[in-house]
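K.L.:
The numbering used here numbers the first residue of the sequence shown as 715 and each following residue consecutively.
Glycine included, each C-beta is placed from N, C-alpha and C at the ideal position.
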Amino acid sequence: MFEQALQDDLSLLALPLYLAAVLLEAWYAHRHHLNRYRLGDTLASLSMLVASGIVELLPRLLALTAFVYLHEISPLRDVVGRQWWAWLLLFFLDDFTYYWFHRANHEVRLLWAGHVNHHSSQYMNFATALRQGVGERLHKFLFWMWLPLLGFDPAMIITVISVSLFYQFWIHTRAIGRLHPWIEAVFNTPSHHRVHHASNVRYLDRNHGGVLIVWDRLFGTFAEERDDDPVVYGLTTNIDSDNPWTVLSHEYRAVGRDLRRATKWSDRLRYLLLAPGWSHDGPDKRASVLRRNAAEGQTHADYPAKTAM
715 MFEQALQDDL SLLALPLYLA AVLLEAWYAH RHHLNRYRLG DTLASLSMLV
765 ASGIVELLPR LLALTAFVYL HEISPLRDVV GRQWWAWLLL FFLDDFTYYW
815 FHRANHEVRL LWAGHVNHHS SQYMNFATAL RQGVGERLHK FLFWMWLPLL
865 GFDPAMIITV ISVSLFYQFW IHTRAIGRLH PWIEAVFNTP SHHRVHHASN
915 VRYLDRNHGG VLIVWDRLFG TFAEERDDDP VVYGLTTNID SDNPWTVLSH
965 EYRAVGRDLR RATKWSDRLR YLLLAPGWSH DGPDKRASVL RRNAAEGQTH
1015 ADYPAKTAM
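Take a look at the structure:
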């Protein structure tokens, strides 16, 4: 089963298709003077892809080992096989899991430090989709540990995770506008994901879904792309660097500086566990606070959030 789980990971099989899509989109953007790619930014994105693949090697092997063990001790392992209903149920459970994993990466600063490099590009294109969060690879699979306990075998879980990631690649684009309202109501679309990559206060920490957008609608994290508030991509204070080490590590270093500044252990824990933007000796710049201040008439410039400190 361990070997089959590795074989059922579709990510490596899709990589040539991803790179071809990047080249095609970049060529089209260049031909039509759309300013949607920049070479240094694209190379930084590809370097994050390589780094994430390297960092994920050991956590993935450990996770697969844990998946196999948890599946073996599951009381449901002989009930849940590979029936059509099991695949359908697993699709929804995986997407639900991804939503909370992704949301946690935005609302817990230590986890955000491992995810922020995915948001550090000021462009929205297929190369940005490959700018994977590197540090998040260390904790990612912990969120999926409950699924083998429900009787789903590791190969099924890895396959569904891969299908979800394949879907999410194609929503990293500005080339597709809003789709039919019924599609926009149910699925995560390019329009919804443009919102997710925005630095506008209205859009911060919104639209965390993988394939489906229904979880955001259900749990209050949905925001619609608006023509009167065009998306501004990147961080609210951008790092303005294509150096791979800077892209990868800047928020970890910022967390370290804040931990050294804090004088109480309770504040150090808050720096690690509260949302990005909390400070023990300055204004609260968390996204929820920024939106409340904006609603009360404050400006975006007065309250930068999720900075690259």
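Would you call the CB atoms of Ser876 and Asp808 closer than 8 Å?
P.N.:
As a first step, residue 876 must be located in the sequence shown, where it is residue number 162. As a first step, residue 808 must be located in the sequence shown, where it is residue number 94. Their beta carbons are not under 8 Å apart, which means Ser876 does not touch Asp808 by this criterion.
K.L.:
Determine the closest residue to Leu776 out of Thr951, His911, His853 and Lys999, with distance taken between C-alpha atoms.
P.N.:
Your numbering for residue 776 matches position 62 in the sequence shown. For Leu776, the nearest C-alpha among the options comes from His853.
K.L.:
I'd like to check one pair, Asn749 with Leu962: are the Cβ atoms closer than 8 Å?
P.N.:
Stepping through the sequence shown from its first residue, residue 962 is reached at position 248. Stepping through the sequence shown from its first residue, residue 749 is reached at position 35. No, the pair does not count as a contact, with Cβ atoms beyond the cut-off.
K.L.:
DSSP three-state call for Tyr751: helix, strand or coil?
P.N.:
Stepping through the sequence shown from its first residue, residue 751 is reached at position 37. Three-state result, Tyr751: coil.
K.L.:
Ser980 to Arg974, Cα distance in whole Å?
P.N.:
Residue numbering aside, residue 980 sits at position 266 when the sequence shown is read from its first letter. Residue numbering aside, residue 974 sits at position 260 when the sequence shown is read from its first letter. One C-alpha to the other measures close to 13 Å.
K.L.:
Helix, strand or coil for Phe883 per DSSP?
P.N.:
Taking the first residue of the sequence shown as 1, we reach residue 883 at position 169. Three-state DSSP puts Phe883 in a helix.
K.L.:
Smallest Cα separation from Ser788: which of Glu739, Gly948, Pro862 and His886?
P.N.:
On the sequence shown, position 74 is the one that residue 788 refers to. Nearest C-alpha to Ser788: Pro862.
K.L.:
Could you spell out where the alpha helix (DSSP H) holding Ile966 opens and where it closes?
P.N.:
Start at 1 with the first residue of the sequence shown, and residue 966 comes out as number 252. It should be pointed out that residue 966 corresponds to Tyr in this sequence rather than to Ile. Here the alpha helix (DSSP H) through Tyr966 covers Pro958 to Arg975.
K.L.:
At what residues does the alpha helix (DSSP H) containing Ser1002 begin and finish?
P.N.:
The sequence position of residue 1002 within the sequence shown is 288, counting from 1. Where Ser1002 is concerned, the enclosing alpha helix (DSSP H) stretches over Ala1001 to Ala1009.
K.L.:
Got a sec: is the Cβ-Cβ distance from Val969 to anything in chain D below 8 Å?
P.N.:
Structure shown: chain D not included; a single protein chain is present.
K.L.:
Answer yes if the region 841-860 comes into contact with the region 994-1007, meaning at least three C-beta pairs across the two stretches below 8 Å, and no otherwise.
P.N.:
Touching, no.
K.L.:
Note the first and the last residue of the continuous alpha helix (DSSP H) segment covering Ser905.
P.N.:
Residue numbering aside, residue 905 sits at position 191 when the sequence shown is read from its first letter. Start and end: Pro904 to His910.
K.L.:
Whose C-beta lies closer than 8 Å to the C-beta of Leu804 among residues of the same chain, with five residues either side of it excluded?
P.N.:
For the purposes of this step, residue 804 is taken as residue 90 along the sequence shown, with counting starting at 1. If we look at Leu804 and ignore the five residues flanking it on each side, its Cβ neighbours are Leu861, Phe866, Met870, Ile871 and Val874.
K.L.:
Checking 8 Å against the spacing of the C-beta atoms, do Ile927 and Pro904 come in under that value?
P.N.:
As a position in the sequence shown, residue 927 is number 213, starting the count at 1. As a position in the sequence shown, residue 904 is number 190, starting the count at 1. No. Outside cutoff.
K.L.:
Less than 8 Å between C-beta atoms, sequence neighbours within five positions excluded: which residues of the same chain meet that for Val900?
P.N.:
Taking the sequence shown and counting its residues from 1, the one referred to as residue 900 is at position 186. Hits under 8 Å: Leu926, Ile927 and Val928.
K.L.:
Quick one, are the C-beta atoms of Trp826 and Glu965 less than 8 Å apart?
P.N.:
Here residue 826 is taken as the residue at index 112 of the sequence shown, counted from 1. Here residue 965 is taken as the residue at index 251 of the sequence shown, counted from 1. Their beta carbons are under 8 Å apart, which means Trp826 touches Glu965 by this criterion.
K.L.:
Grouping DSSP H, G and I as helix and E and B as strand, with all else coil, what is Phe805?
P.N.:
Taking the first residue of the sequence shown as 1, we reach residue 805 at position 91. Phe805: helix per DSSP, three-state reduction.
K.L.:
Is Leu932 helix, strand or coil by DSSP?
P.N.:
Indexing the sequence shown from 1 puts residue 932 at position 218. Three-state DSSP puts Leu932 in a helix.
K.L.:
What separation, rounded to the nearest whole angstrom, lies between the Cα atoms of Arg791 and Ala728?
P.N.:
By 1-based counting over the sequence shown, the position of residue 791 is 77. By 1-based counting over the sequence shown, the position of residue 728 is 14. In a straight line, the C-alpha of Arg791 is about 30 Å away from that of Ala728.
K.L.:
Taking only three categories from DSSP, how would you classify Tyr947?
P.N.:
Position 233 of the sequence shown, counting from 1, holds the residue named residue 947. Three-state DSSP puts Tyr947 in a strand.
K.L.:
Quick one: measure Cβ to Cβ for Gly948 and Gln836, integer angstroms, because I've assumed they're closer than 8 Å.
P.N.:
Indexing the sequence shown from 1 puts residue 948 at position 234. Indexing the sequence shown from 1 puts residue 836 at position 122. Their Cβ separation, rounded to whole angstroms, is 4 Å, which keeps Gly948 and Gln836 in contact under 8 Å.
K.L.:
Alpha carbon to alpha carbon, how far is Ser725 from Leu771? Give it in angstroms, no decimals.
P.N.:
Position 57 of the sequence shown holds residue 771. Position 11 of the sequence shown holds residue 725. Leu771 and Ser725: Cα-Cα distance of roughly 13 Å.
K.L.:
Quick check: what's the CA-CA separation for Leu1033 versus Asp919?
P.N.:
Since the first residue shown for the chain is 715 and the last is 1023, residue 1033 is missing from the structure and cannot be characterised.
K.L.:
By a C-beta neighbour count over all protein chains shown, 10 Å radius and 16 as the cutoff for buried, is Thr779 buried or exposed?
P.N.:
For the purposes of this step, residue 779 is identified with residue 65 of the sequence shown, where counting begins at 1. Under this definition Thr779 is an exposed residue.
K.L.:
In the structure shown, what three-state DSSP assignment does Leu926 receive?
P.N.:
Here residue 926 refers to the residue found at position 212 of the sequence shown. Residue state, collapsed to three classes: strand.
K.L.:
Just to confirm before moving on: does the CB-CB distance between Val945 and Ala912 stay below 8 Å?
P.N.:
Residue numbering aside, residue 945 sits at position 231 when the sequence shown is read from its first letter. Residue numbering aside, residue 912 sits at position 198 when the sequence shown is read from its first letter. In contact: Val945 and Ala912 (Cβ atoms closer than 8 Å).
K.L.:
Are there 16 or more other CB atoms within 10 angstroms of the CB of Ala1022, so buried, or fewer, so exposed?
P.N.:
Residue numbering aside, residue 1022 sits at position 308 when the sequence shown is read from its first letter. Any reading at Ala1022 is ruled out, since the residue's pLDDT is 44, under 50, leaving its predicted position unreliable.
K.L.:
For Tyr783, does the count of other Cβ atoms within 10 angstroms reach 16, so buried, or fall short, so exposed?
P.N.:
Counting from one through the sequence shown, the residue named residue 783 turns up at place 69. So Tyr783 ends up on the exposed side.
K.L.:
Whole angstroms are fine: how far does the CA of Pro773 sit from the CA of Phe857?
P.N.:
On the sequence shown, residue 857 is found 143 positions in, with the first residue counted as 1. On the sequence shown, residue 773 is found 59 positions in, with the first residue counted as 1. Going by the C-alpha atoms only, they are around 13 Å apart.
K.L.:
Would you report the Cα separation of Ala841 and Asn957, rounded to the nearest angstrom?
P.N.:
Taking the sequence shown and counting its residues from 1, one reaches residue 841 at position 127. Taking the sequence shown and counting its residues from 1, one reaches residue 957 at position 243. Rounded to whole angstroms, Ala841 to Asn957 spans 16 Å at the Cα level.
K.L.:
Using the three-state DSSP reduction, which class does Phe840 fall into: helix, strand or coil?
P.N.:
Mapped onto the sequence shown, residue 840 falls at position 126. Helix at Phe840.
K.L.:
Helix or strand or just coil, what does DSSP make of Phe866?
P.N.:
Working through the sequence shown from its first residue, we reach residue 866 at position 152. In this structure, Phe866 counts as coil in the three-state DSSP scheme.
K.L.:
What's the gap between the Cα of Leu844 and the Cα of Leu932?
P.N.:
For the purposes of this step, residue 844 is taken as the residue at position 130 of the sequence shown. For the purposes of this step, residue 932 is taken as the residue at position 218 of the sequence shown. C-alpha separation (whole angstroms): 28 Å.
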